[in-house]
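So the protein sequences, as listed, match chains C and G. Under the numbering used here, the final residue of the first sequence carries the number 606; numbering is consecutive throughout. Under the numbering used here, the final residue of the second sequence carries the number 1201; numbering is consecutive throughout. Virtual Cβ for every residue (Gly too), placed ideally from N, Cα, C. Note that the structure is a prediction, hence the values are computed from the model and not measured.
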Amino acid sequence: MGKVKKLLSGNEAIALGAYHSGIAVATAYPGTPSTEILENLAQFKDIYAEWSTNEKVAMEVGLGASYAGVRTIVSMKHVGLNVAADPFLAAATTGIHGGLVVVSADDPGIHSSQGEQDNRYYAKLARVPIVEPADSQEAYEFMGIAFALSEQYDTPVLFRVTTRVAHSKSVVELDESLIRPQHKKSFYHNVEKYVMLPVHARIRVPHMHRRMAELVEYAETTQLNKIIDGRSKLGIISSGVSYQYAREVFPEAHFLKLGMDYPLPPRMLHIFASRVDKLFVVEELDPFLEENIKELGIQVEGKKFISRVGELNKTIVQHAAEKAGLIIKPDQPADIGAIHNLPGRPPLLCPGCPHSGAFFVLSTMGQRAKILDASGKSQGESKLIITGDIGCYTLATYPPLRAMDTTACMGASIGQAIGLEKAGVSSKVVAVIGDSTFMHSGVTGVIDAIYNAAKIAIVILDNGTTAMTGHQDHPGSGVSAQGVVTKAVDIEQLVRGAGVNDVKVVNAFDIKSIRAALKSSLDSEEVSVVIVRGKCAVRNKARKNSRQVDTQKCNDCGVCLKIGCPAIYREDGKIVINASTCMGDQCGICEQLCPKQAIGISRDSN
Amino acid sequence: MVEKQDILLVGVGGQGTILASDILGEVALQMGLDVKKTDTLGMAQRGGSVTSHLRIGEKVWAPLISLAEADIIVAFEKLEAVRWAHFIKPQGLVIINDLAIPPLSISLGTHQYPGDEEILGIFKQRTNKIHLVSGSKHAGDIGDVRTLNIFMLGLLSTALPFHIDNQLWEKSIAAFIPKKIVDLNMRAFNTGREVAESVNI
């Protein structure tokens, strides 16, 4: 055993780097692009790894573990840090005991998120350092440096990655003979450090500012930051994946490559500036580096030419460099255009998805089908407002279902429904939320609805998993991240315990029951909960008896196409069902809906 | 000095596009080359567009292939081929599986699926090296249409500008595929190589 080279994703490298740094505890809530960090860590049986209820709890569990003296990693997507902001800032205030590294996986370009935000600002707000790798090798190596940094300066470290680093694979050289450092578990009573009464917080806050001054000195000498000499008189400052694009666009330039985005090294920056005629910052999203460099009195340009919006790539950096007069426009082949109006492949609910039936029923209520057109906007008010939430089921927004009016952030559907009802809209209001999202942050909404007597219906789509991020377990599934059978939190008992009297549980593949339950809930004068239960189609291996359209009976009315099932489509003018993707007996929704009874078990199906 | 290769593999969720690029990435790693690979799936679980950027060379910086710089595009589906056509470099190699998977918008009648002439015409503005191959049919003949990705990998293997030992291919394929279907997939791989020869890729 010794040094080996592996092709690892940024997330795999982060997990391995943390493990080799001797972590004892890892916590997370799933969220693209961060999910695989905990998935990989959970495979090591000599550490404790958990899917926490949400990011706030993950951060608090992580903080407790750190107080016990062990190295701990907490990982989440960018918006997860919004949820965890309170304990994150608390951790920054109390400081740590065992190293605490918080991974924030930002999503420039909004590949799979509800928004774009630059979480580097959180570090400035919390007065903690940022470490940011540019590829998998750095993700692996920087993790060890981040833990040492955390312990040396009594601070959590924000380990910031973006989708392109988290999800790209690159070569990592690692030492498989490495022995993990061990940390003694110990907790010491120290109220000035751990009990944030105002009188103690007033001691800690000046300490945070002293810490920041010391971190500036650290930034001057750390191996995280490096100058790479070039041949031209242009100086590029960059970090993360932006550095990789910049290296291709400016092969001759000098580079200041920052592995520590915050705080910056002033002396190093002044020395770098003195070596070149012009400084240019290449960074994704907001001008975080640029603003902080300017604060030091150093002239730089960057965001004047590079968009703050979306993900960068070489072409974008190249165009910015041309506009800034830094490079001459390279020869490029003529644009070949594209076929006009190329049909897209929007993500869809899967064949046999347990959400399809409930959304089909909702789409037919409150005159939604009549009032709402494909443009996604309407002047008319439907008689049913559907507040939505975050998960696969947000896809029900698309035609043909169009069964969602709002989606903001995790758990917002229930609060929004209460707000709409209390504002006095004449329409009925239903909140739709998945089981994992409900556990994450829907529960407090239900308590609010009960306490404030909101006349809303709440639909909980219970597929037993956190589907969209790749089927992670959650409190309702009763299996831990490391595969240990624990105790499943019962949604029905939970809402009853909160005071909901009207709770109905229906089979996700029984259209009549769903319709009856929704109708009675919408007519109810009190908070009413419908739990629509059915196994996620991707996890359901029991595919049998695919359905088929009897072309003799089919009158091409198109009702089945309105389910939005990808297995049902029109081919040569006829409606057909794809036998290899249809879930058959596990679903049967199209068969229940067909007014001509033209859908049945395929004769040649297996 | 190994010539840089930017290879874009595109397809529809479920076709094994990413697995094919994983195997090729492993092969390149074993050859001691630098490799960067990034996949774009969006929110797709099944049936969405899937793109895998694979960059191989002595030293690779950016994980993403740039516009008009792909040396090779391997498309597992025709509509996906045309979606990424602007990535092909002048005189780059294009290998397209002759298969149409119409998206829902076509069933609902709001869009038309482009015809073969239209698709090939787009590419012809940049390159003459375009091959439309009946990959799904070959894979079906081999015994399982799901071997399409390895069949396409076989085609691609003949087009790379460096020699790769057959044993290395076999080892890398075996590393990613369940043991009981390795033989089936090696048949698909070798059929891909034979077909590549017959159509002169």
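The beta carbon of Cys590/C is closer than 8 Å to those of Arg547, Cys560, Ile563, Cys565, Ile568, Ile577 and Ile599 in its chain, skipping five residues each way along the sequence. In the same chain as Ala412/C, and ignoring 5 residues on each side of it, the C-beta atoms closer than 7 Å to its own belong to Asp389, in chain order. For secondary structure counted as the beta strand (DSSP E) over 3 or more consecutive residues, the region 437-497 of chain C holds these complete runs in sequence order: 457-462.
For Trp1061/G, the secondary structure class from DSSP, reduced to helix, strand or coil, is coil.
The C-alpha of Gly31/C lies about 42 Å from the C-alpha of Glu1117/G. For the region 290-318 of chain C, the beta-carbon criterion of a distance under 7 Å to any beta-carbon of chain G is satisfied by Asn313, Lys314 and Thr315. Here Ala417/C carries a helix assignment [DSSP, helix/strand/coil]. Using a CB distance cut-off of 7 Å, His1111/G counts as an interface residue toward chain C. Listed along chain C are Gln244, Arg247 and Glu248, each with a C-beta nearer than 7 Å to that of Trp1061/G. Listed as beta-bridge partners of Phe280/C by DSSP are Ile236/C and Glu301/C. Restricting attention to beta strand (DSSP E) runs no shorter than 3 residues, the region 140-186 of chain C encloses them at 157-162 and 168-175, ordered along the chain.
Contact annotation: in the region 330-344 of chain C, residues whose CB is within less than 9 Å of a CB in chain G are Gln332, Pro333, Ala334, Asp335, Ile336, Gly337, Ala338, Ile339, Asn341, Leu342, Pro343 and Gly344.
When the beta-carbon positions are compared, Lys124/C and Ala84/C stay at least 7 Å from each other. With its beta carbon at least 7 Å from every one in chain G, Tyr393/C lies outside the interface.
Note on geometry: alpha-carbon atoms of Ala1081/G and Gly499/C lie some 55 Å from one another. In this structure, Met365/C sits near Leu384/C, with a CB-CB distance shorter than 7 Å. A buried status is given to Cys587/C, since no fewer than 16 other beta-carbon atoms sit within 10 Å of its beta-carbon.
Distance from the CA of Leu1160/G to the CA of Thr397/C, rounded to the nearest whole angstrom, comes to 44 Å.
Think of a sphere of 8 Å around the beta carbon of Lys1037/G: the chain C residues whose beta carbon falls inside it are Leu7, Ser168, Lys169 and Ser170, in chain order. In the structure shown, Gly1025/G falls within a helical segment according to DSSP collapsed to helix, strand and coil. In the three-state scheme derived from DSSP, where H, G and I count as helix and E and B as strand, Pro129/C is classed as coil. Glu571/C carries a strand assignment under DSSP once its states are collapsed to helix, strand and coil.
Listed in chain order, the non-local C-beta contacts of Asp1071/G below 8 Å within the same chain comprise Lys1004, Gln1005, Asp1006, Ile1007, Lys1089, Gly1092 and Leu1093, local neighbours out to five positions each way being set aside. Assigned with DSSP and collapsed to three states, Lys1004/G falls in coil, not helix or strand. Per DSSP, reduced to three states, the secondary structure at Trp51/C is strand. In its chain, beyond the 5 residues on either side, Arg1055, Val1060 and Pro1063 have a beta carbon closer than 6 Å to the beta carbon of Lys1036/G. Thr466/C sits buried, since 16 or more C-beta atoms from the chains shown fall within 10 Å of its C-beta. Taking the beta carbon of Asp1034/G as reference, the chain C residues within 7 Å of it are Val171, listed in sequence order. Between Thr163/C and Gly109/C the beta-carbon gap is near 7 Å, inside 8 Å, which marks them as a contact.
Pro30/C does not reach chain G, its nearest Cβ partner there being about 14 Å away, counting only Cβ pairs nearer than 8 Å. Listed by position along chain C, the residues whose Cβ is nearer than 8 Å to that of Pro1178/G form an empty set, because the closest Cβ is around 15 Å away.
Asp556/C and Lys596/C have their C-alpha atoms spaced approximately 10 Å apart. Comparing C-alpha distances from Gly1011/G to each of Arg345/C, Ala324/C, Thr406/C and Tyr451/C shows the shortest one belongs to Arg345/C. For the C-beta of Glu1003/G, not a single chain C residue is nearer than 8 Å; the gap to the nearest is close to 16 Å. Between Ala537/C and Leu461/C the beta-carbon gap is near 13 Å, outside 8 Å, which marks them as no contact. Counting only the Cα atoms, Lys257/C lies some 48 Å from Ala374/C.
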